[in-house]
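Before any comments, here is the structure.
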Amino acid sequence: MYWTDRIRQVKIALVATAVVIAAASLVSSHFLVKDLEQEERNRMEIWAEAMHSLNTATEDTDLNLVLKVLEQNNTIPVVVTDAKGTAQIYRNVDITSEDSLAIATSKARIYAKKHSPIKVQIGDRRTDYLLVCYDDSMLLTRLAYYPYVQLGIVLIFVVIAIFALLTSKKAEQNKVWVGLSKETAHQLGTPISSLMAWTEILREQYPNDELIPEMDKDVKRLQLIADRFSKIGSAPERKEIDLTTLLERVVEYMNRRTSEKVLITTELDKDKTTVYANAQLLEWVFENLCKNAVDAMGGEGSIHIKTHSTPSSVVTDVKDTGKGIEHKNIQNVFRPGFTTKKRGWGLGLSLAKRIVEEYHKGKIFVLNSEIGKGTTFRIILKGVTS
Numbered sequence: 000m001y002w003t004d005r006i007r008q009v010k011i012a013l014v015a016t017a018v019v020i021a022a023a024s025l026v027s028s029h030f031l032v033k034d035l036e037q038e039e040r041n042r043m044e045i046w047a048e049a050m051h052s053l054n055t056a057t058e059d060t061d062l063n064l065v066l067k068v069l070e071q072n073n074t075i076p077v078v079v080t081d082a083k084g085t086a087q088i089y090r091n092v093d094i095t096s097e098d099s100l101a102i103a104t105s106k107a108r109i110y111a112k113k114h115s116p117i118k119v120q121i122g123d124r125r126t127d128y129l130l131v132c133y134d135d136s137m138l139l140t141r142l143a144y145y146p147y148v149q150l151g152i153v154l155i156f157v158v159i160a161i162f163a164l165l166t167s168k169k170a171e172q173n174k175v176w177v178g179l180s181k182e183t184a185h186q187l188g189t190p191i192s193s194l195m196a197w198t199e200i201l202r203e204q205y206p207n208d209e210l211i212p213e214m215d216k217d218v219k220r221l222q223l224i225a226d227r228f229s230k231i232g233s234a235p236e237r238k239e240i241d242l243t244t245l246l247e248r249v250v251e252y253m254n255r256r257t258s259e260k261v262l263i264t265t266e267l268d269k270d271k272t273t274v275y276a277n278a279q280l281l282e283w284v285f286e287n288l289c290k291n292a293v294d295a296m297g298g299e300g301s302i303h304i305k306t307h308s309t310p311s312s313v314v315t316d317v318k319d320t321g322k323g324i325e326h327k328n329i330q331n332v333f334r335p336g337f338t339t340k341k342r343g344w345g346l347g348l349s350l351a352k353r354i355v356e357e358y359h360k361g362k363i364f365v366l367n368s369e370i371g372k373g374t375t376f377r378i379i380l381k382g383v384t385s
């Protein structure tokens with residue numbers, strides 16, 4: 000739980016940092032772009048004034064400074080039109096077509112929508128004027144888009160960082176699973192061997208005792224549990240098994256271990272229920288679901304197990320009449336450590352998910368759940384086609 004909460008806190012911190020960086024970048028870039036726009040406006044007004052000086056010059060006028068101002072504009076696209084909007088000259092506009100003036104006229108209309116044209120009076124009549132239409136320079140255009148590029152980079156960084164954290168979390172969980180499972184199997188091995196030896200001794204001394212076979216079943220059950228734990232962390236051996244037969248064994252075991260107040264019913268498909276799986280681990284999954292159902296019902300209610308097949312898979316539903324799962328917790332039931340019970344480690348469903356999805360490449364999820372009515376878990380396994 001601590002690791003999960005820490006991961007959540009780090010994710011929130013990363014997202015918050017990304018939002019702050021993006022907001023600061025957008026605000027600062029906005030003001031910078033506005034300043035540059037005003038600067039380019041001032042430059043174009045000076046350029047327009049130079050155009051006015053050029054058009055009204057006399058023979059005695061020194062045009063060196065005027066021409067220098069006009070020639071120094073190498074970055075801002077500009078189109079000069081007459082009073083009717085027809086292009087007369089243009090500069091820094093990329094036009095390769097033969098009908099260049101027509102294209103320049105079209106561009107001038109576009110420029111006029113972005114920036115108010117600068118009027119240059121060249122005669123005494125009202126219609127004797129030129130319009131200087133200009134666009135943003137390449138530098139200003141790039142700067143306007145820069146914050147969004149930066150935002151994208153920050154978002155990519157956050158996604159990569161979160162992915163790395165989740166991967167680290169999953170690797171840590173895998174180490175815990177494997178270490179816990181191997182150690183459990185190791186610790187169970189010695190007492191189980193001892194119990195098996197004592198059972199043989201008791202069977203030889205009391206061959207007719209009715210309790211010894213029951214003790215032997217319990218010892219074998221412990222051996223099965225230890226064997227299951229030993230398979231966690233390594234690729235389990237899988238083979239073709241009949242899911243219906245496996246579920247019948249699970250039901251038989253659960254009937255022996257639960258009270259008469261729990262009714263377990265089945266609706267098992269007899270055809271096409273062959274799956275490629277490890278029987279011991281898969282039994283563990285269904286036993287966990289049934290035990291969780293018994294706990295959710297408080298030891299009184301019914302469990303219904305139903306299977307049906309599709310062309311490519313075998314679907315199993317385990318439905319109980321327990322207290323149900325709150326909607327906000329449905330996404331958390333498979334998370335390690337999550338439990339609503341006063342006792343328990345919250346590892347059963349997490350282990351079931353690992354066995355089904357990682358070892359058998361299937362799916363396990365909550366099909367539906369209603370408070371006070373019960374929960375249905377669905378397991379989908381790939382079927383074996385004949």
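Following numbering that gives the first Met the number 0, the numbering of the sequence shown begins with 0 at its first residue and continues without gaps.
Beta carbons: idealized from backbone N, C-alpha and C, even for Gly.
Using C-beta distances below 8 Å, list every residue in its chain close to residue i, excluding the 5 sequence neighbours before and after it, in chain order.
i, result
"LEU201", "ASP208, ILE211, MET214"
"THR126", "ALA82"
"LEU245", "ALA278, LEU281, GLU282, PHE285"
"GLN37", "none"
"GLU44", "ILE117"
"GLY298", "THR257, SER258, LYS260, VAL261"
"LYS372", "THR320, GLY323"
Please check the pair residue i and residue j, which I expect to be a contact at CB under 8 Å, by giving their CB distance rounded to whole angstroms.
i, j, result
"ALA17", "VAL157", "5 Å"
"THR391", "THR309", "Lying outside 0 to 385, the shown extent of the chain, residue 391 is not represented and no answer is given."
"VAL293", "VAL261", "6 Å"
"THR374", "ASP319", "6 Å"
"ILE370", "LYS305", "About 22 Å separates the two Cβ atoms, so there is no contact after all."
"PRO76", "ASP134", "4 Å"
"SER24", "LEU150", "7 Å"
"LYS381", "LYS360", "7 Å"
"THR183", "PHE228", "5 Å"
"VAL131", "ALA47", "4 Å"
"GLU266", "HIS303", "7 Å"
So who's on the other strand from residue i, going by DSSP bridges?
i, result
"VAL365", "PHE376"
"GLN120", "TYR128"
"HIS29", "Note: HIS29 sits in no beta bridge, so no partner."
"THR315", "THR306, ILE378"
"VAL274", "ILE240, GLY382"
"GLY300", "VAL261"
"TYR205", "Partner(s): none; TYR205 has no beta bridge."
"TYR133", "VAL77"
Among residues of its own chain, excluding the 5 on either side of residue i, which ones have a beta-carbon nearer than 7 Å to its beta-carbon?
i, result
"LEU387", "No information on residue 387 is available, as it lies outside the stretch 0 to 385 that the chain covers here."
"THR257", "VAL293"
"LEU13", "VAL157, ALA160, ILE161"
"ASN367", "THR375"
"VAL32", "LEU139, LEU142, ALA143"
"VAL332", "ILE324, LEU348, VAL365"
"TYR205", "ILE211"
"ASP241", "THR272, THR273"
"MET137", "THR74"
Using a Cβ-Cβ cutoff of less than 6 Å, which residues in the same chain neighbour residue i once the five nearest sequence positions on both sides are dropped?
i, result
"ALA86", "VAL78, THR80, LEU100, ALA103, THR104, ALA107"
"SER301", "LEU262, THR320"
"TRP2", "Residue confidence is low: TRP2 scores 49 on pLDDT, short of 50, so the model does not pin down where it sits. Its coordinate-derived value is still stated next. Cβ within range, chain order: n/a, list empty."
"HIS51", "VAL119"
"ASN54", "ILE121"
"VAL65", "ALA49, SER52, LEU53"
"ARG237", "TYR275, ALA276, ASN277"
"HIS307", "ASP268, VAL314"
"LEU288", "VAL317, PHE376"
"LYS329", "One detail in the question is off: residue 329 reads as Ile in this sequence, not Lys. Answer for ILE329: VAL365, listed in chain order."
"ILE354", "LEU280, VAL284"
"LYS362", "ILE379"
"PRO146", "SER24, LEU25, SER28"
> Do the region 215–228 and the region 188–207 touch if we need at least three Cβ pairs shorter than 8 Å?
Replying inline: yes
> Unbroken beta strand (DSSP E) runs of length 3 or more, entirely within the region 224–269: which are they?
Replying inline: 238–241, 261–266
> Within the chosen definition, does the region 92–101 reach the region 112–122 through at least 3 CB pairs nearer than 8 Å?
Replying inline: Because the criterion of three Cβ pairs below 8 Å is not met, the region 92–101 and the region 112–122 do not touch.
> Can you list the alpha helix (DSSP H) stretches of 4 or more residues lying completely in the region 50–102, in chain order?
Replying inline: As summarised for the region 50–102, the continuous alpha helix (DSSP H) elements at least 4 residues long and confined to that stretch are 63–70, given in chain order.
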